[in-house]
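Residue numbers (my numbering), protein chains in the order written: chain A, 1477 to 1830; chain B, 1477 to 1830; chain C, 1477 to 1830; chain D, 1477 to 1830. The beta-carbon is built from N, C-alpha and C at its ideal position, and this holds for glycine as well. Quick caveat, the model's predicted, so the values are computed rather than measured.
Number of protein chains: 4
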Amino acid sequence: QRARELGIKMGVLPTGALNAITDVEGVKVGQITLLEGENVRTGVTAILPHSGNIFQQKVPAAIYIGNGFGKLAGYSQVEELGSLETPIVLTNTLSVPVASDALIDWTLGQAGNENVRSVNPVVGETNDGYLNDIRSRYVKKEHVLNALAQAVGGAVQEGNVGAGTGTVSFGWKGGIGTSSRKLPQKLGGYTIGVLVQTNFGGVLKIDGVPVGEELGQYAFKEALDKSSDGSCMMVVATDAPLDARNLKRLAKRVLLGLAQTGGIAANGSGDYVIAFSTANRILHETPQATYGATYLHNDYTSPLFMAAIEATEEAIVNSLMMAKTSSGTQGHKIEELPKDKVLELMERYGRLKK
Amino acid sequence: QRARELGIKMGVLPTGALNAITDVEGVKVGQITLLEGENVRTGVTAILPHSGNIFQQKVPAAIYIGNGFGKLAGYSQVEELGSLETPIVLTNTLSVPVASDALIDWTLGQAGNENVRSVNPVVGETNDGYLNDIRSRYVKKEHVLNALAQAVGGAVQEGNVGAGTGTVSFGWKGGIGTSSRKLPQKLGGYTIGVLVQTNFGGVLKIDGVPVGEELGQYAFKEALDKSSDGSCMMVVATDAPLDARNLKRLAKRVLLGLAQTGGIAANGSGDYVIAFSTANRILHETPQATYGATYLHNDYTSPLFMAAIEATEEAIVNSLMMAKTSSGTQGHKIEELPKDKVLELMERYGRLKK
Amino acid sequence: QRARELGIKMGVLPTGALNAITDVEGVKVGQITLLEGENVRTGVTAILPHSGNIFQQKVPAAIYIGNGFGKLAGYSQVEELGSLETPIVLTNTLSVPVASDALIDWTLGQAGNENVRSVNPVVGETNDGYLNDIRSRYVKKEHVLNALAQAVGGAVQEGNVGAGTGTVSFGWKGGIGTSSRKLPQKLGGYTIGVLVQTNFGGVLKIDGVPVGEELGQYAFKEALDKSSDGSCMMVVATDAPLDARNLKRLAKRVLLGLAQTGGIAANGSGDYVIAFSTANRILHETPQATYGATYLHNDYTSPLFMAAIEATEEAIVNSLMMAKTSSGTQGHKIEELPKDKVLELMERYGRLKK
Amino acid sequence: QRARELGIKMGVLPTGALNAITDVEGVKVGQITLLEGENVRTGVTAILPHSGNIFQQKVPAAIYIGNGFGKLAGYSQVEELGSLETPIVLTNTLSVPVASDALIDWTLGQAGNENVRSVNPVVGETNDGYLNDIRSRYVKKEHVLNALAQAVGGAVQEGNVGAGTGTVSFGWKGGIGTSSRKLPQKLGGYTIGVLVQTNFGGVLKIDGVPVGEELGQYAFKEALDKSSDGSCMMVVATDAPLDARNLKRLAKRVLLGLAQTGGIAANGSGDYVIAFSTANRILHETPQATYGATYLHNDYTSPLFMAAIEATEEAIVNSLMMAKTSSGTQGHKIEELPKDKVLELMERYGRLKK
């Protein structure tokens, strides 16, 4: 069950209808889970900003790098041009190339793109190499194309699914998580949705409760280890009319949400935030030199920042709450977060809301 | 009383002896408080990395900008050259120029600097204009020079003092706060100290307890307002042998500590982190083309990151716990955090350690 | 005489009417020259983006740092918010604080700014300490306020004037220079104006002719020296409707213009570019959450980039051509570029156009 | 023939023995040229910093983005950690994924890397889609592996070779070019080598001579077109002991060399510089927390900057001088630079040295 269903209610702002990134109208998610034998524990999660031809109708976007020990593809062009021209694909570290190649295939193959000779695929990753035999690179082009093909709106699967199939977070099984916030009308009425692929560590807190300490599992408890390495990929979508500059600022706040869960952005962590807005489209073909657009003033961005922080915290917690114990390659096994104990702690620390 | 004295113990790592930035050997702090009549509520806080001629013996340094709505002086040269050549001075927004000028005076006037014709003063600020008649610019050169002159090691005054005299945080009186961590030998044995000037907002949490919500005071509760604007200046010092690149990474983690307190880095917030290391000196006169130095490997930085996060959280909380109710210009008044209620909440939420 | 008047015609694009930054409609320049006795060789150059209340009607802006060994004030807020809220003031290195203070005075004092409590002064500098007794800090607030007060459109004085009074470039007397380009209608018809304060070095080329080599004066000819240190402040204005992101890109190209003159952006050089657009205004008071604006598409920016490169090259050359031999503090003397020899070289290398 | 062999001598510093990136001891280059029928005009160029296990013995590195309209892989990790752990591979835009995948294969397959589960391949590209049927993605893993396998020191092939097989620059056939500088002992005695893959435009100058104008071919001559789009990949190697911060600064200067040739870094250009130093190794396995290293002081970097600028200019010119007329897909044909006319111009403008 998701955190909120269990009475764990993080933050002060209301969620969207689904409490998912898909609350941002038009956003779709598709996931392929690869789970076979004892070695294959990986997958693909694709996020589409809209249902049209994304290359021809780009969306404003930005990427913030919390800690750059990672292999994300597509950073520099998003930063330079302020736009996203492909779906976002998440997968494992060594499968970034194949996923990039698949996004090129997908883009070249779309009607209207017959003359496209340059594509900037955006692919994020975390390293699932503890449970997954990552060196064998099980992800193939067709997996990525399938994830794209079956992307839909509506509820998003969480936990050991898609790109989160083999990930580990705070020493427990991590995975995919999502959450959203819907600002009250007086604060603009915008929706913010976050989706995360959790594979990082630190000293776990849930809604402020010191779960990691209480359960005796946290970074550097015994010695210097690399258990807090890993990574966290975060995608934040909004229907607020932000330009690339303010999307970058929004993306930076997502790290503050990660911090709420006790994440420390360790040396070996690849912590990236990809932000996009669905409110404006940037046309690939621009017969006119100029365009008119409506954007949000700087002064009105702060509630969006707060919403992104809350949704990120909750998305990360959801990824942990929805994940299941998993064994994998080389006999490795990762336990899920002991939900009963967690709820007991939440109760003891006065954080269960009924 | 400081948080820890009251039984509020944030984080899992031990503090230094003083639980202050001055636990980093050689670091000194000097503060001048300007508090007169009803209009003057401001001051100066100076941090010296060592007691020698800082211009001639620079220290490795970096500055991270969490949100750049601020007037910090000295950013670009620190970033380009990776070093700090003056003390760090904190003051109010409109007094950055006078403080910069004073740092130039101070540097030009030191023995050995007779031929110096270029100085990069580093001055941070927050806006105390709610309690202080900031437009009148009460800070004068001599205040800054006095703060520098009387800088000492040892315990650091907190709350309504120095550059924190007139600041407001989370709707309560903010101010100066400090804290430190001393890593166990197995994690390197290094000391990390943080000093903050708090003047920002969000949804206050203390050690994970939802103090802001419980006390009914948090950002955007009623409507879009700018109460969460403001700023937070953060200084992090360490004796770990970090180069400028890893100091920049350390500085980034300080924002994660701010996040733990519920800070949201609002649009109008100037959130800057200045990081320096006392372990190496960079000589101004360099007769040799090359220098030998000892640095920490990337792989060993994560515990320092965690320590910085913890010390930042605690420094911010200390700034609030040590601040006192203050009235100021135009009849404005800001209450201090109601410590009794806070302790009651900490107790209720199971966070008081005795 | 200016380069073009002498038959030196750099680039392929036409200039504006004045071949000056003031060709961008509304832009005004004011300069105060401080030249007294043998020690005072400094001054102030102010650039105003428009004649209204700049704080209340900010303009989109960006700053690019070519090499950050400098003390420019105002960087982080321009970058964060994408706007400029004061005039730009250029002066000497140690006078940045007083100029910043003067800009605060000027802003606080304007009608309509009675409640302003935060101002981000933008001040650039180069180090004129070879000819000017810079440690004495001769620039006072009134000089800056006077420069602002007397700013006008029309032709701009060049050479040993304002902030260029005491500067040195490529070993010859540098100073203030300006130039502009007006794009043909088919390329958008926009105007680009550049103003520079030259105080840097390298291997001087004028319109591709190896003047430095021919005259036997260039960086590191004899040994490692710091003669190529110094700095170059560059301001680029346009009436093209660029947002902050594209202004940043435009600013980056200005360094390519500096490169055309043989500049090397030496270690000790503070090379900063401040870019702004007069096409849109960003209101300080924004009752509406959103605003509509017209911007230029990325795809149409390249001619502006080329124009900025050309105008920068020519502005730098103008600063040298218009400068006069000057002696100053400590008996130092800097020769002007020997114009006769230069013209002879231009002729010999086939570059004089009549 | 190379520029210098024809009497075109750019800059004031001496070249290395080969006037190639391979003058930096230990650096090796391998190239595979794919040229078949009328559609295949592409290839691979690989640069190896040393002959050992690069993953286990990383080198200090940095990447500077001149204009980020490109698909370079590996940026963020190089920036975060300051090191390069694979060879650098250059290829065409749509083959970045396959080249990245090949670098992963290569790295995983090396002795000593049996447990490696994370690799950061660095791959640059330019778009050869005018002559090459780029959508067909002819580059396969084996081509990349072959380029790596046959990398050698010694002279480097230039022009229509490797990743430069199908590129176009300033409207003429571009390709691979290289050059180097060897600083005199009094300036440190270090070697700087540059290798470029030219596919960009502007207003061509050779050693300051306005070749583009004279030959009537330059950007925006007739109208706004995209002929100046394209890209330039630049790699700069040195044996000077630079850390990552100073390598980033060195990389920035390479753009100034590009500017010397009349490049404008157009909107559609992907202009990236990858810099590395062979003077220090960063061990992947670091049993000690700290390391001792020798680095160059900031103050001694300027001659390296100047050397990088000169070598870049010459490398770009070499790429043009060595390229041959080529026809390709869809009947497209690109002429080589008319060398006779160029030499005539060089003569006329007084720039031929005999």
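- Query: Where DSSP assigns a beta bridge to residue 1471 of chain B, which residues make up the other side?
  - Reply: Past the boundaries of the shown model lies residue 1471 of chain B; chain B is included only from 1477 to 1830, so the question cannot be answered.
- Item | Chain-ordered chain B contacts of residue 1552 of chain C [CB-CB under 7 angstroms] | 1541, 1544, 1546, 1548, 1551
- Among B:1608, B:1657, B:1643, B:1814, which has the Cα closest to the Cα of residue 1513 of chain B? Comparing Cα positions, the closest option is B:1608.
- List the DSSP bridge partners of residue 1560 of chain B. B:1535
- Query: Buried or exposed: which applies to residue 1729 of chain A, given that a residue is buried once 16 or more other Cβ atoms fall within 10 Å of its Cβ?
  - Reply: buried
- Query: Do the stretch 1687 to 1696 of chain C and the stretch 1661 to 1676 of chain C touch if we need at least three Cβ pairs shorter than 8 angstroms?
  - Reply: Short answer: they don't touch.
- Task: Report the residue from B:1582, B:1694, B:1645, B:1650 whose alpha carbon sits nearest the alpha carbon of residue 1622 of chain B.
- Result: B:1582
- Who are the near neighbours of residue 1619 of chain B in its chain, counting only those whose CB is closer than 6 angstroms to its CB and skipping five residues on each side? 1508, 1520
- Pick helix, strand or coil for residue 1822 of chain D, following the three-state DSSP scheme. helix
- Task: Taking residue 1557 of chain C as the query, report the chain B residues whose CB atoms sit under 9 angstroms from its CB, ordered along the chain.
- Result: 1544, 1545, 1743
- Item | For residue 1537 of chain A and residue 1769 of chain A, the rounded distance between their alpha carbons | Whole-angstrom Cα-Cα distance: 15 angstroms.
- Look at residue 1654 of chain C and residue 1539 of chain C and say whether their C-beta atoms are less than 7 angstroms apart. No, these two residues do not count as a Cβ contact at 7 angstroms.
- chain D beta carbons: is any one of them nearer than 7 angstroms to that of residue 1772 of chain B? At least one beta carbon of chain D lies nearer than 7 angstroms to the beta carbon of residue 1772 of chain B.
- Message: Given this structure, state the Cα-to-Cα distance separating residue 1634 of chain B from residue 1798 of chain A, to the nearest angstrom.
- Response: For residue 1634 of chain B and residue 1798 of chain A, the gap between their C-alpha atoms comes out near 43 angstroms.
- Closer than 8 angstroms, Cβ to Cβ, to anything on chain B: give me those residues from the stretch 1706 to 1726 of chain D, in chain order. 1717, 1719, 1720, 1721, 1725
- What are the residues of the stretch 1651 to 1668 of chain A that lie near chain C, defined by any Cβ-Cβ distance shorter than 7 angstroms? So the list reads 1664, given in the order they occur along the chain.
- Let me know the secondary structure DSSP gives residue 1668 of chain A once reduced to three states. strand
- Item | Limits of the beta strand (DSSP E) - the one that residue 1517 of chain C falls within | 1516 to 1524
- Task: Could you tell me which of B:1815, B:1527, B:1693 sits nearest to residue 1477 of chain B, measuring between CA atoms?
- Result: B:1815
- Message: Is the beta carbon of residue 1568 of chain D closer than 7 angstroms to that of residue 1531 of chain D?
- Response: no
- Beta-carbon proximity list for residue 1907 of chain C, same chain, < 7 angstroms, skipping 5 on both sides: Limits of chain C in this structure are 1477 at one end and 1830 at the other, which puts residue 1907 of chain C out of reach.
- Task: Tell me, please, whether the stretch 1693 to 1712 of chain D touches the stretch 1629 to 1645 of chain D by the rule of three or more beta-carbon pairs shorter than 8 angstroms.
- Result: yes
- Proximity winner among D:1610, D:1651, D:1650, D:1656, relative to residue 1631 of chain D (alpha-carbon distances): That would be D:1656, whose Cα lies nearest to the Cα of residue 1631 of chain D.
- Task: Leaving out five residues on either side along the sequence, give the residues of the same chain with a beta carbon under 6 angstroms from the beta carbon of residue 1542 of chain D.
- Result: 1731, 1741, 1747
- Task: Can you tell me which of the three DSSP states residue 1797 of chain B falls into?
- Result: helix
- For residue 1765 of chain A, which residues in chain C fall below 7 angstroms Cβ to Cβ? Ordered by position in chain C, the residues that pass the 7 angstroms Cβ test against residue 1765 of chain A are 1664, 1772, 1773, 1776.
- Chain-ordered chain D contacts of residue 1700 of chain C [CB-CB under 9 angstroms]: 1662, 1663, 1664, 1775, 1776, 1778, 1779
- Do residue 1743 of chain A and residue 1774 of chain B have their C-beta atoms closer together than 7 angstroms? Their beta carbons are under 7 angstroms apart, which means residue 1743 of chain A touches residue 1774 of chain B by this criterion.
- Query: Rounded to whole angstroms, how far is the Cβ of residue 1554 of chain A from the Cβ of residue 1572 of chain A, which I believe are closer than 8 angstroms?
  - Reply: The Cβ separation is near 15 angstroms, so there is no contact.
- residue 1699 of chain A classed as buried or exposed, judged by whether at least 16 other C-beta atoms fall within 10 angstroms: Flag for residue 1699 of chain A reads exposed.
- Along the chain, which unbroken stretches of the beta strand (DSSP E) at least 3 residues long are found entirely within the stretch 1678 to 1764 of chain C? Within the stretch 1678 to 1764 of chain C, the complete beta strand (DSSP E) runs of at least 3 residues are 1706 to 1714, 1745 to 1753.
- If you run the structure through DSSP and keep just helix, strand and coil, what is residue 1572 of chain B? helix
- Message: Could you compute how far the alpha carbon of residue 1804 of chain A sits from the alpha carbon of residue 1511 of chain A?
- Response: 9 angstroms
- Item | Proximity winner among B:1624, B:1780, B:1720, relative to residue 1662 of chain B (alpha-carbon distances) | B:1780
- Residues that residue 1605 of chain C contacts on chain A, provided the C-beta gap is smaller than 7 angstroms: Ordered by position in chain A, no residue passes the 7 angstroms Cβ test against residue 1605 of chain C, which lies about 37 angstroms from the chain.
- Environment of residue 1577 of chain C [buried if 16+ CB atoms lie within 10 Å]: buried
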